[in-house]
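Residue numbers (my numbering): -12 to 522. One structure is given here, and the rest of the page talks about it.
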Ligand SMILES: Cc1cc2nc3c(=O)[nH]c(=O)nc-3n(C[C@H](O)[C@H](O)[C@H](O)COP(=O)(O)OP(=O)(O)OC[C@H]3O[C@@H](n4cnc5c(N)ncnc54)[C@H](O)[C@@H]3O)c2cc1C
Ligand code: SF4
Ligand code: SF4
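This is the structure we're talking about:
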């Protein structure tokens, strides 16, 4: 039976002025195989979408071209509508008339729109029904690290009915937070409440004094080695949440009893009573802004000023108050009389007559400032990451933080599907940010686990007859999504659908041309080019 192609063109509320839509419709209608064309003003809105589905049914259209905005933007709405109407959503070709045509030029682009239309019509003729694969996903989640972020994810997952195992290398839960000497009592209260909630939650298993020593497999089916003492057990999980935090370092390192680390203030509280007349905080001395350094200096300065009435200074290169509540804390510090000194060049720190001398060039005064104090409290800065990289296979940035796919759009997604990153192992985060990310990560895990038993579209496919088992694709895949499987007595590459990110690298590199990217086969690309008169 001859295919009947329907073309639905959207002029985006008449806003794409540099395309002559009636002309485009007329020329499109004359293309071979096109049985129906229609112009809409807002195809993504409910009424027009419903009218499109009615047209498809009534006119028995077998393949569809949607010409409008980017499919990245509204594609899901159309796919969902097609599925709801039990129409084949894989028989649709998208044409981005807005971002890739109208918006990209100021002059009239009707001719370009027609060329793109020709390509879309030729492409839609070659579309094939999607290959589907049933996915089985282990419903347990591994959380590596029992600090604030790991605990938050476990609690969020439990609320969604998902079981998790927290593996913590220390003997107790809590992470940096429990040692954060200057943390406000209210913040510590949140941590203690989390620990208590976890203790009574049957969905959460806690393994302390243990470490993850190996990770194999892919999203949905990870096999993990967990070592506690001399025993190693191999357990399976559907997803892994990495919440190992950061080691922190003190810059500069305390060299005398008069120079202490910020995290030690709480322990020093007794000794501080009645002492000291002048106290100075030093943050971002290494040149790297640190949120936790800033927060702990501000909270500490306010506390000391309030409790001991000391003269308090904060020396800082760049005091950024972008954490929740930090601006308020900064104002409070100013109102309570804390003095801020901004420097560009590293301060000179010396011991003189039992006191600490800090000499620095004040950027704002444009003069040298010398302060003698009884106590210098040095700042907390991020140190190297804690999990051996080889175990995870995830890249780090130049500061040693695990790198996410996109820090703005997908902060918790790592480059390896099924492995999520939360908290301060990913960036210099305060608690409010770490908490938000934990919720996002829990939802991403839920999304993944929820696909269990469903059929997903295979985007990238290895033809077993063509594969020569050369392992080139396996070595190059950035998402560790390819494995070798034995089929009819022969080794063949296999792509795990859930792990594959559809980046296409393996398709391009396979020397046997055994891998196909759905919708971008050589045949389809050549047909596209021929449609616009290219050889
Ligand atoms: C001194 C100080 C003061 C701070 N003050 C504030 C403040 O006032 N306000 C604020 O919002 N934030 C503050 N912070 C930041 C806050 O503590 C962090 O945002 C928070 O701790 C991040 O939690 P996390 O779980 O991501 O990391 P962490 O708390 O570092 O927890 C990581 C956990 O993972 C475990 N782990 C590490 N490696 C492994 C491994 N290989 N296997 C198993 N487990 C592992 C660690 O033992 C630890 O328990 C401060 C931090 C410090 C250090
Ligand atoms: S690169 Fe091609 S031929 Fe080599 S293993 Fe992968 S699919 Fe098979
Ligand atoms: S398209 Fe190929 S290289 Fe890219 S993630 Fe999928 S399997 Fe790996």
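For each residue, glycine too, the CB sits at the ideal point set by N, CA and C.
For residue 218, the beta-bridge partners assigned by DSSP are 215.
In summary, residue 469 is buried, with 16 or more beta-carbon neighbours lying within 10 Å of its beta-carbon over all protein chains present. If you draw a straight line from the Cα of residue 92 to the Cα of residue 64, it is about 27 angstroms long.
By the rule of a C-beta closer than 6 angstroms to any heavy atom of ligand 2, the residues picked out are 449, 454, 455, 456, 457, 458, 459, 460, 480, 497, 499, 501 and 502. Taking the CA atoms as reference points, residue 476 sits about 28 angstroms from residue 491.
Pairing residue 296 with residue 249 gives a Cβ-Cβ distance that is not under 8 angstroms. When the five nearest sequence neighbours on each side are left out, the beta carbons in the same chain lying within less than 6 angstroms of the beta carbon of residue 435 are those of 226, in order along the chain. Across the set 139, 138, 13 and 148, the C-alpha of 13 shows the shortest separation from the C-alpha of residue 98. No Cβ-Cβ contact shorter than 8 angstroms links residue 439 with residue 228. With contacts defined by Cβ atoms closer than 8 angstroms, residue 323 and residue 292 form a contacting pair. Of the candidates 276, 57, 456 and 267, 267 places its Cα closest to the Cα of residue 290.
Counted as a single uninterrupted DSSP element, the alpha helix (DSSP H) harbouring residue 10 occupies residues 8 to 16. For residue 360, the uninterrupted beta strand (DSSP E) segment begins and ends at 354 to 360. In this chain, the alpha helix (DSSP H) harbouring residue 67 covers 58 to 71. In the DSSP assignment, residue 120 is bridged to 443. Counting every other CB atom within 10 Å of its CB across the protein chains shown gives residue 279 a total of 16 or more, marking it as buried.
The alpha-carbon of residue 29 is positioned some 21 angstroms away from that of residue 48. In the DSSP secondary-structure assignment, residue 153 is bridged to 130 and 193. When DSSP states are grouped into helix, strand and coil, residue -3 belongs to the strand group. In the structure shown, the three-state DSSP call for residue 234 is strand. Taking C-alpha positions only, residue 336 is separated from residue 406 by approximately 44 angstroms. The DSSP-derived three-state label of residue 388 is coil. The three-state secondary structure of residue 251, taken from DSSP, is helix. Here the region 412 to 431 makes contact with the region 131 to 148; the two share three or more CB pairs at distances below 8 angstroms. Judged by pairs of C-beta atoms under 8 angstroms, the region 189 to 206 touches the region 148 to 162, as three or more such pairs exist. Annotated as proximal: residue 145 and residue 191, with beta-carbon spacing under 8 angstroms. Residue side-chain check: residue 427 keeps its Cβ at 7 angstroms or more from all non-hydrogen atoms of ligand 1. Distance between residue 224 and residue 209, taken at the CA atoms: about 5 angstroms. In this structure, residue 488 has its CB closer than 7 angstroms to one or more heavy atoms of ligand 3.
DSSP places residue 401 inside the beta strand (DSSP E), whose first and last residues are 397 to 401. About 18 angstroms separates the beta carbons of residue 8 and residue -8, which is beyond the 8 angstroms limit, so they are not a contact pair. A distance below 7 angstroms between beta-carbons, with the five flanking residues on each side excluded, links residue 384 to the following residues of its chain, in chain order: 390. Taking the C-beta atoms as reference points, residue 51 is found no nearer than 8 angstroms to residue 21.
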